[in-house]
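Residue numbers (my numbering): 593 to 714.
Don't be surprised by glycine CBs; every beta carbon is placed ideally from N, CA and C.
All values reported here derive from a predicted model rather than from experimental measurement.
Set out below in structure tokens:
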């Protein structure tokens, strides 16, 4: 029964997070950065990099370093493309840290409310 209650509380916390203004702003900003970097990467690498045939290839590449997955199937060949990749890796790490902080803060607030309500009971 305790596991079910914890699961329900966690579900509520996650729902509160994904509908929060902060989560939406972070997600929108992250996706806009990835799309912008995809476009820049496409302009830099198309015609030079044999792995880039379409804009979708550039989007695929941008998501790999931004999520720190780094498949390696598409590798920048220009110096500017490599610098862009480094910036995307840093941005992806920062984005992950922001999501982690947002989740931790929300879970802690929920726990503090739960403990506060518990301690007020006689």
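With 16 or more neighbouring CB atoms inside 10 Å of its own CB, residue 622 falls in the buried class. Note on residue 707: under 16 other CB atoms within 10 angstroms of its CB, so exposed under the neighbour-count rule. When the beta-carbon positions are compared, residue 687 and residue 633 stay at least 8 Å from each other. One alpha carbon belongs to residue 630, the other to residue 649, and they sit about 9 Å apart. By the Cβ rule, the stretch 596-610 does not count as touching the stretch 647-664, because fewer than three pairs are nearer than 8 Å.
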